[in-house]
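Undergrad:
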Amino acid sequence: MSDLPPLTEEQAMVKRLKKGDKEAAAQLYSWFGVLLYRQVILPRIPVVDKAEDVLRDTFRILFEQIERFEYIGQRSIFFWLRRISINLVIDAYRKEKRNRDLADRILTQDALDQVVGTGPESAEDYLERSDARMLIEGAFEKINPRYAKALRLRLLEDKTRAECAAHFEIEIGAFDVLFHRACKAFRDNYPP
1416 MSDLPPLTEE QAMVKRLKKG DKEAAAQLYS WFGVLLYRQV ILPRIPVVDK AEDVLRDTFR
1476 ILFEQIERFE YIGQRSIFFW LRRISINLVI DAYRKEKRNR DLADRILTQD ALDQVVGTGP
1536 ESAEDYLERS DARMLIEGAF EKINPRYAKA LRLRLLEDKT RAECAAHFEI EIGAFDVLFH
1596 RACKAFRDNY PP
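Quick note on our numbering: the sequence shown kicks off at 1416 and runs consecutively.
Structure representation (structure tokens):
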């Protein structure tokens, strides 16, 4: 990359930073900050505030963990910073997804509470229900998709046997057999 400083100058700055030189830290930021921001972070997180947070965290990690950094061949520290930035971008997306999922669950639970008229559940009950749901979904992923659909329709969506049979375009008796096999497959794959 032509935008990188000469490796010898960079190595000298890294040595100074390892000794605690704040000017070296500022120099490394001036060399790599804009480059990381424009080429690595912003293309992956196009929201300016979040991209700036990732850049700030990248350099915070650099300053906290500079002692762990070692040069490998003629590779610039930029590539280490790039990897840190990409990992932070991935973490930001995971956190955003968790927050979105949690908000959806809370909104769904609030809507159910309003319809059913029950109060909010305790945190312990919520965690138990959430853990059970994860185990159930994990078992559904392991079994035949047709079996999983039969269980979802009959047990989770509370459809009648006739409605389930109509969904699969089979007779009720054939659905009963399908449902029986689905239950057996589920029991074989459900952890507890």
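Yeah, the Cβ is synthetic: ideal placement off N, Cα and C, and Gly gets one too. Treat the numbers as computed from the prediction; the structure is a model and nothing was measured.
1. Could you tell me how far apart the beta carbons of Ser-1500 and Leu-1457 are, in whole angstroms, since I believe they sit closer than 8 Å?
2. Taking the Cβ atom as the reference point for each residue, do Lys-1557 and Asn-1604 lie within a distance shorter than 7 Å?
3. What residue range does the alpha helix (DSSP H) around Ser-1445 cover?
4. State the DSSP-derived secondary structure class of Pro-1421, mapped to helix, strand or coil.
5. Please go through the same chain and pick out, in chain order, the residues whose beta-carbon is closer than 7 Å to the beta-carbon of Ile-1460, but skip the five residues on each side of it.
6. What does the Cβ neighbour count give for Thr-1575, buried or exposed, with the cut at 16 atoms within 10 Å?
7. Arg-1576 lies in the alpha helix (DSSP H); which residues open and close that run?
8. Please say whether Ala-1441 and Leu-1432 have beta carbons closer to each other than 7 Å?
9. Which residues in the same chain as Ala-1581 place their Cβ atom closer than 8 Å to its Cβ, once the five residues preceding and following it in sequence are excluded?
10. Relative to the C-alpha of Leu-1571, which residue among Val-1463, Thr-1423 and Phe-1555 is closest?
11. Check each candidate in Trp-1446, Gly-1488, Leu-1496 and Asp-1546 and name the one with the smallest Cα separation from Glu-1479.
12. Look at Pro-1421 and Trp-1446 and say whether their C-beta atoms are less than 7 Å apart.
13. Nearest-angstrom Cα distance between Phe-1594 and Tyr-1562?
14. Would you give the residue range spanned by the alpha helix (DSSP H) that Phe-1590 belongs to?
15. Going by the beta-carbon positions, is the gap between Ala-1565 and Ala-1589 smaller than 7 Å?
16. Output the boundary residues of the alpha helix (DSSP H) element that contains Phe-1474.
TA: Walking through what the data contain:
1. As a position in the sequence shown, residue 1500 is number 85, starting the count at 1. As a position in the sequence shown, residue 1457 is number 42, starting the count at 1. So it is not a contact: roughly 10 Å between Cβ atoms.
2. Within the sequence shown, the letter at position 142 stands for residue 1557. Within the sequence shown, the letter at position 189 stands for residue 1604. The answer is yes: Cβ separation under 7 Å.
3. As a working note, residue 1445 is residue 30 in the sequence shown. Start and end: 1437 to 1451.
4. On the sequence shown, residue 1421 is found 6 positions in, with the first residue counted as 1. In the structure shown, Pro-1421 adopts coil according to DSSP, grouped into three states.
5. On the sequence shown, position 45 is the one that residue 1460 refers to. Only Ala-1466, Val-1469, Val-1504 and Ala-1507 meet the Cβ criterion.
6. For the purposes of this step, residue 1575 is taken as the residue at position 160 of the sequence shown. Exposed.
7. On the sequence shown, position 161 is the one that residue 1576 refers to. Its alpha helix (DSSP H) spans residues 1576 to 1583.
8. Position 17 of the sequence shown holds residue 1432. Position 26 of the sequence shown holds residue 1441. Between Leu-1432 and Ala-1441, the C-beta spacing is not below 7 Å.
9. Position 166 of the sequence shown, counted from the start, is the residue given in the question as residue 1581. Contacts found: none.
10. In the sequence shown, residue 1571 corresponds to position 156, counting from 1. Among Val-1463, Thr-1423 and Phe-1555, the Cα nearest to that of Leu-1571 is on Phe-1555.
11. Within the sequence shown, the letter at position 64 stands for residue 1479. If we check each option's Cα against that of Glu-1479, Leu-1496 comes out closest.
12. The residue you call residue 1421 lines up with position 6 of the sequence shown. The residue you call residue 1446 lines up with position 31 of the sequence shown. At a Cβ-Cβ threshold of 7 Å, Pro-1421 and Trp-1446 do not count as neighbours.
13. Here the question's residue 1594 lines up with position 179 in the sequence shown. Here the question's residue 1562 lines up with position 147 in the sequence shown. Tyr-1562 has its alpha-carbon roughly 7 Å from the corresponding atom of Phe-1594.
14. As a working mapping, residue 1590 is identified with position 175 in the sequence shown. Where Phe-1590 is concerned, the enclosing alpha helix (DSSP H) stretches over 1587 to 1604.
15. In the sequence shown, the residue the question calls residue 1565 occupies position 150. In the sequence shown, the residue the question calls residue 1589 occupies position 174. Cβ distance not < 7 Å, so Ala-1565 and Ala-1589 don't count as in contact.
16. As a working mapping, residue 1474 is identified with position 59 in the sequence shown. Looking at the DSSP string, the run of the alpha helix (DSSP H) that includes Phe-1474 is 1463 to 1480.
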